[in-house]
Amino acid sequence: NCLGCTPREIVFTSGATEANNLAIKGVMVDAPASAGLIVNAAEHKAVLDPAQELKRRGRAVHVLPVDAAARVQPQQIQANLTDETRLVSVMLANNEVGSLHDVASIAELCHDKGTPLHTDATQAIGRVPVNLNELPVDMLSCSSHKIYGPPGIGLLFVRRSPRTPRLTPLFHGGGHEWGMRSGTLPLPLIVGFAKAMELAVSHQADDAARLSQQRDRLWNELVRKIPGVVRNTPETDVLPNNLNITIPNIDGDVLFARLKASRLCVSSGSACTSANPEPSHVLRAMGLTDQQARASIRFGLGRYTTDEELREAVEIVVRAWGANGRLS
Numbered sequence: 130n131c132l133g134c135t136p137r138e139i140v141f142t143s144g145a146t147e148a149n150n151l152a153i154k155g156v157m158v159d160a161p162a163s164a165g166l167i168v169n170a171a172e173h174k175a176v177l178d179p180a181q182e183l184k185r186r187g188r189a190v191h192v193l194p195v196d197a198a199a200r201v202q203p204q205q206i207q208a209n210l211t212d213e214t215r216l217v218s219v220m221l222a223n224n225e226v227g228s229l230h231d232v233a234s235i236a237e238l239c240h241d242k243g244t245p246l247h248t249d250a251t252q253a254i255g256r257v258p259v260n261l262n263e264l265p266v267d268m269l270s271c272s273s274h275k276i277y278g279p280p281g282i283g284l285l286f287v288r289r290s291p292r293t294p295r296l297t298p299l300f301h302g303g304g305h306e307w308g309m310r311s312g313t314l315p316l317p318l319i320v321g322f323a324k325a326m327e328l329a330v331s332h333q334a335d336d337a338a339r340l341s342q343q344r345d346r347l348w349n350e351l352v353r354k355i356p357g358v359v360r361n362t363p364e365t366d367v368l369p370n371n372l373n374i375t376i377p378n379i380d381g382d383v384l385f386a387r388l389k390a391s392r393l394c395v396s397s398g399s400a401c402t403s404a405n406p407e408p409s410h411v412l413r414a415m416g417l418t419d420q421q422a423r424a425s426i427r428f429g430l431g432r433y434t435t436d437e438e439l440r441e442a443v444e445i446v447v448r449a450w451g452a453n454g455r456l457s
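Using this note's numbering, read the sequence shown as starting at 130 and increasing by one per residue.
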């Protein structure tokens with residue numbers, strides 16, 4: 130009921146990473162060597178890394194560039210679609226800068242060629258409306274812990290359609306989950322996931338309105354107190370809770386060393402790759418230099434974020450930006 134699909138179309142997984150792998154490898158691993166996969170350079174590593182592994186195995190993988198808002202343009206996808214394209218994967222919402230893709234339009238282009246579309250909706254569920262009766266994707270991934278549910282459980286929606294190919298499972302065994310994901314189902318995690326999904330969907334509109342107002346106040350305060358701060362998150366067609374900025378005239382290592390000493394939990398990229406010292410691949414794909422990407426901060430606001438916490442966050446960032454760390 131929350132997603133607008135049937136139980137037969139749900140495959141439970143350990144999270145969105147596994148769901149993405151199942152969608153991509155499940156379609157591509159047994160496909161002919163000439164079979165093509167289309168992704169874009171701003172996808173989560175849980176999509177890009179399986180794509181690169183398939184490329185290493187000889188599959189035709191096309192990683193399309195994105196614009197300054199981390200979006201791949203539909204005409205780029207259309208230009209790369211061929212009769213050999215077996216799957217297109219485009220995220221619904223970017224996890225680092227919050228930009229939304231027009232997945233419905235992209236799905237229409239794919240379906241005109243008979244190609245299925247997968248979307249990673251991990252960041253979108255509970256933040257923007259997602260109804261699979263209206264969103265014409267063939268597969269969709271999401272994770273419980275992103276909506277305050279228990280970690281270790283996620284799902285892959287697989288539409289019952291002649292266009293959706295039979296997936297080759299990642300795990301073999303008892304043939305659970307319609308033969309697509311063997312292994313005993315973790316019932317307590319599924320129940321927690323279901324309740325979290327129910328709450329996230331029922332509160333989505335109210336949460337989005339509050340979070341977008343808080344995000345805008347946060348941005349306005351940062352602009353007022355840090356001259357030259359740059360907003361990487363688009364102004365429109367964006368998640369309500371995401372703000373990604375670049376702090377000017379400061380070394381990124383200095384900036385984050387100071388922030389880590391505070392009570393503020395921020396990252397320069399995906400939370401999943403926060404231990405990776407490399408600059409964000411998303412920001413670099415958007416055209417930022419390594420130096421700019423290293424001096425960028427991603428704020429993620431949540432259901433329990435208070436206005437007082439936002440005021441404190443601004444003061445912490447302003448102090449971290451202080452004169453001693455600035456580049457000459």
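Backbone N, C-alpha and C fix where the C-beta goes; we use that ideal spot for every residue, glycine too.
CB of Pro363 within 9 angstroms of CB of Ala338, strictly: In the sequence shown, counting from the first residue as 1, residue 363 sits at position 234. In the sequence shown, counting from the first residue as 1, residue 338 sits at position 209. No, the Cβ-Cβ distance between Pro363 and Ala338 is not below 9 angstroms.
Through-space distance from Gly357 to Ala148, alpha-carbon basis: Translated into positions along the sequence shown, residue 148 becomes position 19. Translated into positions along the sequence shown, residue 357 becomes position 228. Taking the straight line joining both Cα atoms gives about 40 angstroms.
Strand pairing of Met268, partner residues [DSSP]: Walking along the sequence shown from the start, residue 268 turns up at place 139. BP columns for Met268 point to His247 and Val287.
Check whether Pro317 and Met309 have beta carbons under 9 angstroms apart: Against the sequence shown, residue 317 aligns to sequence position 188. Against the sequence shown, residue 309 aligns to sequence position 180. Result no, Cβ atoms of Pro317 and Met309 do not sit closer than 9 angstroms.
Closest Cα partner of Lys174 within the set Asp366, His410, Leu430 and His301: Start at 1 with the first residue of the sequence shown, and residue 174 comes out as number 45. For the residues Asp366, His410, Leu430 and His301, the minimum Cα distance to Lys174 belongs to His410.
DSSP-derived helix/strand/coil call for Phe322: Within the sequence shown, residue 322 is the residue found at index 193, counting from 1. DSSP places Phe322 in helix when its eight states are reduced to three.
Proximity test, Cβ basis, 9 angstroms: Asn209 and chain C: In the displayed structure, chain C is absent; only one protein chain is listed.
Best match in Leu347, Ala250 and Glu237 for proximity to Glu441 [C-alpha to C-alpha]: Here residue 441 refers to the residue found at position 312 of the sequence shown. Among Leu347, Ala250 and Glu237, the Cα nearest to that of Glu441 is on Leu347.
Test item: CB-CB of Ala171 and Glu225 under 9 angstroms: For this step, residue 171 is matched to residue 42 along the sequence shown. For this step, residue 225 is matched to residue 96 along the sequence shown. Yes.
Whole-angstrom distance between Leu264 and Ser331, CA atom to CA atom: The sequence position of residue 331 within the sequence shown is 202, counting from 1. The sequence position of residue 264 within the sequence shown is 135, counting from 1. C-alpha separation (whole angstroms): 18 angstroms.
Cβ neighbours of Ser457 in the same chain (closer than 6 angstroms, five flanking residues each side left out): As a working mapping, residue 457 is identified with position 328 in the sequence shown. Here the model assigns Ser457 a pLDDT of 37, short of 50, so the residue's position is not dependable, and the following value carries that caveat. Here the set comprises nothing.
Reduced DSSP category for Phe89 - H, G, I as helix; E, B as strand; rest coil: Because residue 89 is not part of the residues shown, which for the chain are 130 to 457, the question remains open.
Anticipated Cβ contact below 8 angstroms, Gly255 with Gln333, distance rounded: Counting from one through the sequence shown, the residue named residue 255 turns up at place 126. Counting from one through the sequence shown, the residue named residue 333 turns up at place 204. Contact holds; Cβ gap of about 6 angstroms.
The stretch 372-384 contacting the stretch 415-429, beta-carbon criterion three pairs below 8 angstroms: yes
Ala160 beta carbon less than 9 angstroms from that of Arg185: Stepping through the sequence shown from its first residue, residue 185 is reached at position 56. Stepping through the sequence shown from its first residue, residue 160 is reached at position 31. Their beta carbons are not under 9 angstroms apart, which means Arg185 does not touch Ala160 by this criterion.
Leu430 - partner residues in DSSP beta bridges: Position 301 of the sequence shown holds residue 430. Note: Leu430 sits in no beta bridge, so no partner.
Cβ-Cβ separation, Ser218 to His247 (assumed contact under 8 angstroms), whole Å: Stepping through the sequence shown from its first residue, residue 247 is reached at position 118. Stepping through the sequence shown from its first residue, residue 218 is reached at position 89. Confirmed, about 4 angstroms.
Length of the line joining the Cα atoms of Glu407 and Thr135: Counted from its first residue, the sequence shown places residue 407 at position 278. Counted from its first residue, the sequence shown places residue 135 at position 6. If you take the alpha carbons of Glu407 and Thr135, they lie about 41 angstroms apart.
Cβ neighbour criterion (16 or more within 10 Å) applied to Pro194: In the sequence shown, counting from the first residue as 1, residue 194 sits at position 65. Under this definition Pro194 is an exposed residue.
Limits of the unbroken alpha helix (DSSP H) element including Ala445: To locate residue 445, count along the sequence shown from 1; it is residue 316. First, the amino acid is wrong: residue 445 is Ile here, not Ala. Residues Asp436 to Ala449.
Proximity below 9 angstroms, CB of Thr293 to CB of Asp267: Within the sequence shown, numbered from 1, the residue matching residue 293 stands at position 164. Within the sequence shown, numbered from 1, the residue matching residue 267 stands at position 138. Taking 9 angstroms as the Cβ cut-off, Thr293 and Asp267 qualify as a contacting pair.
Per-residue burial, Asp419 [other beta carbons within 10 Å of its own, 16 or more giving buried]: Residue 419 sits at position 290 when you count from the first residue of the sequence shown. When all chains shown are included, Asp419 counts as exposed.
Cα-Cα separation, Met157 to Arg448: Along the sequence shown, one-based indexing puts residue 157 at 28. Along the sequence shown, one-based indexing puts residue 448 at 319. When rounded, the distance between both Cα atoms is 49 angstroms.
Cα-Cα separation, Ala386 to Val443: Start at 1 with the first residue of the sequence shown, and residue 386 comes out as number 257. Start at 1 with the first residue of the sequence shown, and residue 443 comes out as number 314. When rounded, the distance between both Cα atoms is 16 angstroms.
Environment of Ile206 [buried if 16+ CB atoms lie within 10 Å]: Taking the sequence shown and counting its residues from 1, the one referred to as residue 206 is at position 77. So Ile206 counts as buried.
9 angstroms Cβ cutoff met for Leu261 and Glu138: What you label residue 261 is simply residue 132 of the sequence shown in a count that begins at 1. What you label residue 138 is simply residue 9 of the sequence shown in a count that begins at 1. Cβ distance < 9 angstroms, so Leu261 and Glu138 count as in contact.
Span of the beta strand (DSSP E), counted from its first residue to its last, around Ala189: As a first step, residue 189 is located in the sequence shown; it is residue number 60 there, counting from the start. Per DSSP, Ala189 belongs to the beta strand (DSSP E) from Ala189 to Leu193.
Burial state of Lys275, where buried means 16 or more other Cβ atoms lie within 10 Å: By 1-based counting over the sequence shown, the position of residue 275 is 146. Buried, by the Cβ-count rule.
Identity of the residue in Gly381, Gln421 and Asp335 nearest Tyr433 by Cα: Against the sequence shown, residue 433 aligns to sequence position 304. Cα-wise, what sits closest to Tyr433 is Asp335.
Given Gly273 as reference, the closest of Val232, Ile319 and His240 once Cα atoms are compared: On the sequence shown, position 144 is the one that residue 273 refers to. Looking at the sequence provided, one finds Ser at residue 273 rather than Gly. Nearest option by C-alpha distance: Ile319.
C-alpha gap between Ala474 and Asn361, whole angstroms: Because the chain in this structure spans residues 130 to 457, residue 474 falls outside the shown range and cannot be described.
Leu384 vs Phe322 beta-carbon contact at 9 angstroms: By 1-based counting over the sequence shown, the position of residue 384 is 255. By 1-based counting over the sequence shown, the position of residue 322 is 193. Against a cut-off of 9 angstroms, the Cβ pair of Phe322 and Leu384 comes out as no contact.
Sequence-distant residues of the same chain with beta carbon closer than 6 angstroms to Ser270, five excluded per side: Translated into the one-based positions of the sequence shown, residue 270 becomes position 141. So the list reads Ala145, Ala148, Asn149, Asp249 and Leu285, once near-sequence residues are dropped.
For Leu456, three-class secondary structure by DSSP: Translated into positions along the sequence shown, residue 456 becomes position 327. A caution first: Leu456 carries a pLDDT of 47, below 50, which makes its placement in the model unreliable, though a value can still be read off. Coil.
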